[in-house]
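See structure below.
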């Protein structure tokens, strides 16, 4: 069959003489190399430089001297402040509480329970909501329910 058997039959990928077999070569026993002794150099301890903030003003970089380097640690009660859930009111009168949502365009994306619904988010069209009642109920709770002011704006509530 010759060389054409590569394409029309025989071995599907490579001819038999292509494979390399080193089993006939003598195997030399490898001895572990002796550990390398490196001299220990004396290390110098240098002070750590302080943080620097540079700001581009015009075409020149200027060092800013008045900036906060560290924020004071807050207690556990101050660090985590739970927001009360927001309320959305549908046109048919029923309402729903949301802990996290995003509004993009004409759609509100609400956080959903994956195990219960099979999805991480669910979509609610803003046209299905009674927006004046939604804003009013959230104001009564002390929350600010904001709507996007334009088509390229996104509103997030953590």
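In our numbering, the protein residues as written are 89 to 246.
For each residue, glycine too, the CB sits at the ideal point set by N, CA and C.
Rounded straight-line distance, which links the Cα of residue 201 to that of residue 194: 22 Å
Separation of residue 203 from residue 224, as counted between CA atoms: 32 Å
Residue 177 and residue 218 closer than 8 Å at C-beta: yes
Inside the stretch 192 to 229 only - alpha helix (DSSP H) runs reaching at least 4 residues: 202 to 205, 219 to 228
First and last residue of the uninterrupted beta strand (DSSP E) at residue 142: 141 to 145
Residue 232 (DSSP reduced to helix, strand or coil): coil
Close-in-space but distant-in-sequence residues of the same chain around residue 216 (CB under 7 Å, 5 per side omitted): 178, 179
Nearest to residue 138 (by Cα), restricted to the options 151, 132, 232: 151
Helix, strand or coil at residue 171 according to DSSP, with G and I counted as helix: coil
Pairwise C-alpha distance: residue 153 and residue 124: 49 Å
Distance cut-off 7 Å: residue 219 Cβ against heavy atoms of the ligand FMN: Questions concerning the ligand FMN fall outside what the structure shown contains, since it holds no ligand whatsoever.
Status (buried if at least 16 other CB within 10 Å, exposed otherwise) for residue 89: Any answer about residue 89 is weak, because its pLDDT of 49 lies below 50 and its placement is not dependable; what the coordinates show is given next. The residue is exposed, with fewer than 16 neighbouring Cβ atoms inside 10 Å.
Contact check, residue 174 vs residue 240, beta carbons under 8 Å: no
Assigned exposure category for residue 133 - 16 Cβ within 10 Å defines buried: exposed
Proximity to residue 212 [Cα-Cα], best of 197, 181, 131, 146: 197
CB of residue 199 within 8 Å of CB of residue 188, strictly: yes
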